Amino acid sequence: MARIAGKRLCRVGIVSLILGSAALWAPVVGYGDVAKPNIPAARGEQCVEPVEIMRRDHFDFMKHDRDKTVHDGVRTIKHSLAGCIDCHATKNASGQFVPINAEGEFCQTCHTYAAVKIDCFTCHAAVPATKVSQSP
Ligand code: HEC
Ligand code: HEC
Ligand code: HEC
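Each residue of the sequence shown is one higher than the one before, counting from 8 in this note's numbering.
What follows is the structure, encoded as structure tokens:
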């Protein structure tokens, strides 16, 4: 298994460190004092791609499909950002969706860990679109 040797503290190194093996996600397995991201569980049967591939390539998929939508008008894309949020957003104790980019939530846990910053949610909603009315 390609573990990090510790000499290249570059982003690629950090990424392969955290993406290297499913076992590394388990809090009991680890690199001494390095805390692992604790990723909230998803809804739905399975992701839009195999999980190992999603861990590594999710941003390329989304950027590719964004271009298909924004430039070519294709709406039937497989890697929709709205779709990610539908399955990966969690609810708080009072049943309200928590923004997916909030600390501890799905997109943010890994990104904090990997020091990745994304601007997607300045435009995109960070909670699932709910079609129900607000009235009680
Ligand atoms: C400046 C505003 C803006 C920012 C920032 C932005 N987007 Fe978008 N994005 C849009 C608009 C406008 C559309 C087209 C509207 C639509 O189809 O919902 C779109 C559509 C998309 C789509 C296709 C529609 C869907 O539901 O998925 C994807 C995928 C997407 N964006 C991903 C991203 C990602 C990933 C980021 C961050 C890296 C990002 N966007 C940042 C404005 C933005
Ligand atoms: C139909 C529901 C669904 C959609 C849509 C979806 N996912 Fe997933 N995703 C899952 C499930 C189920 C898993 C398996 C892990 C789990 O149970 O939490 C998963 C796993 C992942 C993982 C690996 C998490 C880990 O534990 O390391 C990543 C990264 C991921 N998804 C990103 C995305 C992104 C980005 C999108 C949008 C392009 C997306 N997913 C869309 C259901 C979904
Ligand atoms: C399993 C951990 C993990 C999860 C969960 C995750 N990401 Fe990422 N993401 C990463 C890593 C690591 C990188 C940096 C990869 C690199 O730079 O090569 C990254 C990079 C990105 C980038 C590219 C940033 C850039 O600088 O171009 C986007 C966009 C992105 N993620 C969007 C999302 C969105 C949206 C979600 C939630 C739906 C999400 N990610 C969930 C680990 C994750």
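Cβ atoms here follow ideal geometry from the backbone N, Cα and C, with glycine treated the same way. Everything numeric in this text was worked out from a predicted model, so none of it was measured.
Are there any heavy atoms of ligand 2 lying less than 7 Å away from the beta-carbon of I107, as far as the coordinates show?
no
Which residue's Cα is closest to the Cα of C91: V81, N45, P106 and A121?
P106
Using a threshold of 8 Å, state whether the C-beta atoms of P47 and F113 are closer than that.
Here P47 is near F113, since their CB atoms are less than 8 Å apart.
Could you give the residue range of the alpha helix (DSSP H) that holds V77?
V58 to D79
Should H95 be labelled buried (16 or more other beta-carbon atoms within 10 Å of its own) or exposed?
buried
Do A136 and A89 come within 8 Å of each other at the CB atom, strictly closer than that value?
Cβ distance < 8 Å, so A89 and A136 count as in contact.
If you count every other CB in all the chains shown that lies within 10 Å of the CB of N99, and 16 or more means buried, which is it?
Exposed is the call here.
Where do the ends of the alpha helix (DSSP H) carrying A121 lie?
Looking at the DSSP string, the run of the alpha helix (DSSP H) that includes A121 is F113 to A121.
S87 beta carbon less than 8 Å from that of D72:
yes
With a Cβ-Cβ cutoff of 8 Å, do V55 and K85 count as a contact?
yes
Beta carbon of V134 nearer than 8 Å to that of F104
Yes.
When every heavy atom of ligand 1 is checked, does at least one fall within less than 7 Å of the C-beta of D126?
yes
Proximal residues to W32 (C-beta, below 8 Å), its chain only, five neighbours per side dropped:
A caution first: W32 carries a pLDDT of 47, below 50, which makes its placement in the model too unreliable to give a value.
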